[in-house]
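Heads up, the sequence shown is in the numbering used here, so the first residue is 53 and it goes up one at a time.
For glycine and all other residues, C-beta sits at the position ideal for the given N, C-alpha and C.
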Amino acid sequence: MQPMREGLAAEGMATVQDGPAAESGAGAKSAAPVHWSWHLLLLLAAGMVVTSLMLDPAAAETDLVRGQLTILRGALFVFAAGAVGVWFMRGMLSEDLLGAFARWRSAPSDLQARDLIHEPASPRITGLLWAGALAWFAAVFGGLASASEWLHRLTFENGPLETLTVIAYVVAAVFALLGFRQSTGEGRKPGLRRWVLLVAAAGAFLIAAEETDWGQVYLQYETPESFEAANIQQDLSLHNLAPPGIVPGTRWANWVLRGLGFGLGGIVPLLVYTVPLFRRWMWAWQIPIPPFVCQCLLFVSAFIPEAADLYHRNNVGSEIREVTIAVAVVLWMWTAHRTGDERAEA
53 MQPMREGLAA
63 EGMATVQDGP
73 AAESGAGAKS
83 AAPVHWSWHL
93 LLLLAAGMVV
103 TSLMLDPAAA
113 ETDLVRGQLT
123 ILRGALFVFA
133 AGAVGVWFMR
143 GMLSEDLLGA
153 FARWRSAPSD
163 LQARDLIHEP
173 ASPRITGLLW
183 AGALAWFAAV
193 FGGLASASEW
203 LHRLTFENGP
213 LETLTVIAYV
223 VAAVFALLGF
233 RQSTGEGRKP
243 GLRRWVLLVA
253 AAGAFLIAAE
263 ETDWGQVYLQ
273 YETPESFEAA
283 NIQQDLSLHN
293 LAPPGIVPGT
303 RWANWVLRGL
313 GFGLGGIVPL
323 LVYTVPLFRR
333 WMWAWQIPIP
343 PFVCQCLLFV
353 SAFIPEAADL
363 YHRNNVGSEI
373 REVTIAVAVV
383 LWMWTAHRTG
393 DERAEA
């Protein structure tokens with residue numbers, strides 16, 4: 053162990069304190085070196101604040117543009133606060149980034165896809181999950197082909213499928229937070245696993261909040277004027293906003309979901325299987341790969357049609373796609389939590 057510690061110290065990855073504390077078994081590790089470039093975050097935050105103050109929604113010619121500028125101002129303030137928050141955590145992030153680089157250098161030369169992709173449960177339960185996924189897609193595509201009434205009833209706004217989507221993302225966030233807790237505390241190895249899972253938890257909570265219009269569905273409060281003007285459904289949600297340059301009424305979030313499903317379910321697994329450098333990168337940065345059944349759910353979800361001409365509503369396909377991706381994310385985060393630090397110990 054001692055030669056390894058000395059090597060790490062020489063590389064700037066860690067510093068082991070010698071002396072009485074070390075001899076008594078209470079050795080202390082100094083903080084990781086913090087690069088000056090972290091301070092650029094403060095410059096970025098200041099730039100975003102200045103830019104937001106320069107925007108003048110009152111001078112906009114239309115209510116749509118006025119609402120867009122007001123929301124953009126708020127978003128810039130939020131991003132600036134986020135940049136400052138990251139700056140405050142620069143010490144921990146530096147240590148974990150250096151740990152990730154150490155994992156990169158020590159990555160096994162024979163790293164395979166099976167070393168990165170874990171099954172969500174035992175073979176029997178995994179088989180049941182596969183059967184459920186295949187049955188779901190058979191029912192969905194069969195129902196869409198025949199304009200089934202049950203799909204019509206399930207996909208109303210704030211209906212059963214949307215409620216299930218919200219629940220699924222909340223559960224996924226909980227699993228991600230449990231995985232985050234596993235990756236913190238005494239004795240943990242430096243690495244990015246906890247940050248990856250923390251971001252995943254925040255993303256899952258964000259999507260759940262978006263699906264309920266940030267509680268507006270249940271609390272029935274008034275939509276702020278800026279959102280009412282810039283939102284195609286006049287509610288408090290980001291995914292229904294009409295961004296500048298996008299034709300008003302365009303559901304751009306549907307294309308984002310399609311890209312997400314195609315990327316996570318198709319492109320990422322393809323890279324894991326065919327590109328050794330990509331496998332090494334995913335291993336070093338401790339990014340959990342979706343299990344095979346999740347890859348199937350994500351990939352096929354990208355090809356669920358909108359079926360607007362069949363149901364005279366433009367949300368049938370999107371609601372089915374959203375709940376399919378949500379279930380895949382639950383299984384993904386459950387797997388990340390269940391496997392714990394297996395890869396960290398690999």
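Can you look up residue i in the DSSP assignment and give me helix, strand or coil?
| i | result |
| --- | --- |
| Leu293 | strand |
| Asn210 | coil |
| Leu312 | helix |
| Val86 | coil |
| Leu163 | coil |
| Leu180 | helix |
| Pro172 | coil |
| Pro357 | coil |
| Leu288 | coil |
| Pro340 | coil |
Based on Cα-Cα distance, which residue from the options lies nearest to residue i?
| i | options | result |
| --- | --- | --- |
| Ala127 | Met100, Ala336 and Gln234 | Met100 |
| Leu293 | His91, Pro109 and Gln120 | Gln120 |
| Leu213 | Trp188, Arg390, Cys348 and Gly237 | Trp188 |
| Ile356 | Trp139, Gly239 and Ala191 | Ala191 |
| Asn367 | Thr236, Leu206 and Pro343 | Leu206 |
| Arg118 | Ala173, Phe279, Trp266 and Asp361 | Phe279 |
| Thr122 | Pro296, Leu316 and Leu163 | Pro296 |
| Pro175 | Phe344, Asp361 and Glu371 | Phe344 |
| Glu358 | His170, Leu196 and Leu168 | Leu196 |
| Ala281 | Leu203, His170, Gly369 and Glu113 | Glu113 |
| Arg390 | Gly315, Arg233 and Gly194 | Arg233 |
| Leu105 | Gly392, Leu124 and Glu374 | Leu124 |
| Arg365 | Leu322, Ala132, Arg303 and Glu277 | Arg303 |
| Phe131 | Thr103, Leu149 and Asp148 | Thr103 |
| Val327 | Leu163, Trp88 and Trp182 | Leu163 |
| Val375 | Met141, Glu171 and Glu209 | Glu209 |
| Ser370 | Leu316, Asn306 and Val320 | Asn306 |
| Ala254 | Gly267, Pro172, Tyr273 and Tyr221 | Tyr221 |
| Ile284 | Leu116, Tyr270, Leu316 and Ala360 | Leu116 |
Provide the residue span of the alpha helix (DSSP H) that contains residue i, from first to last.
| i | result |
| --- | --- |
| Ser370 | Val368 to Thr391 |
| Ser353 | Phe344 to Ser353 |
| Trp335 | Pro328 to Trp337 |
| Ala316 | Reading the sequence as shown, one finds Leu at residue 316 and not Ala. No alpha helix (DSSP H) holds Leu316; DSSP gives it neither H nor E. |
| Val101 | Leu92 to Met106 |
| Met4 | Because the chain here runs from 53 to 398, residue 4 falls outside it and cannot be looked at. |
| Val269 | Gln268 to Leu271 |
| Ser278 | Glu277 to Ala282 |
| Ala360 | Ala360 to Tyr363 |
Please work out which residues of its chain come closer than 8 Å, Cβ to Cβ, to residue i, disregarding the five sequence neighbours upstream and downstream, and give them in chain order.
| i | result |
| --- | --- |
| Ala388 | Phe227, Ala228, Gly231, Leu249, Ala252 and Pro340 |
| Trp139 | Trp90, His91, Leu93, Leu94 and Ala97 |
| Ile377 | Leu309, Leu312, Gly313, Leu349, Leu350 and Ser353 |
| Val324 | Ala165, Leu168, Ile169, Phe330, Arg331, Met334 and Ile341 |
| Gly211 | Arg205 and Glu371 |
Give every residue of the same chain whose Cβ lies closer than 7 Å to the Cβ of residue i, excluding the five residues on either side of it in the sequence, and list them in chain order.
| i | result |
| --- | --- |
| Val218 | Ala260, Glu263 and Thr264 |
| Gly151 | Lys241, Pro242 and Gly243 |
| Ala336 | Ala152, Arg155, Trp156 and Ala159 |
| Ala185 | Val345, Cys348 and Leu349 |
| Trp386 | Pro172 and Phe227 |
Keeping to the same chain, check which residues put their C-beta closer than 6 Å to that of residue i; ignore five residues upstream and five downstream.
| i | result |
| --- | --- |
| Ala380 | Cys346, Leu349 and Leu350 |
| Thr275 | Gln286, Asp287 and Leu288 |
| Val136 | Ala97 |
| Glu397 | For Glu397, the pLDDT reaches just 45, beneath the cut-off of 50, and the residue's location in the model is therefore unreliable, although a value from the coordinates is still provided. Taken in chain order, the list of residues that qualify is empty. |
| Trp384 | Pro342 and Cys346 |
| Ala225 | Ala253, Ala256 and Phe257 |
| Trp266 | Leu288 |
| Arg245 | Ser235 and Gln338 |
**Study point:** 4-residue-minimum alpha helix (DSSP H) runs that sit fully inside the region 194-264, ordered along the chain
**Key:** Correct list: 201-206, 212-234 and 245-263.
Point to revise | Within the region 113-158, ranges of the alpha helix (DSSP H) (whole runs, at least 4 residues) | key: The qualifying runs are 115-140 and 142-157.
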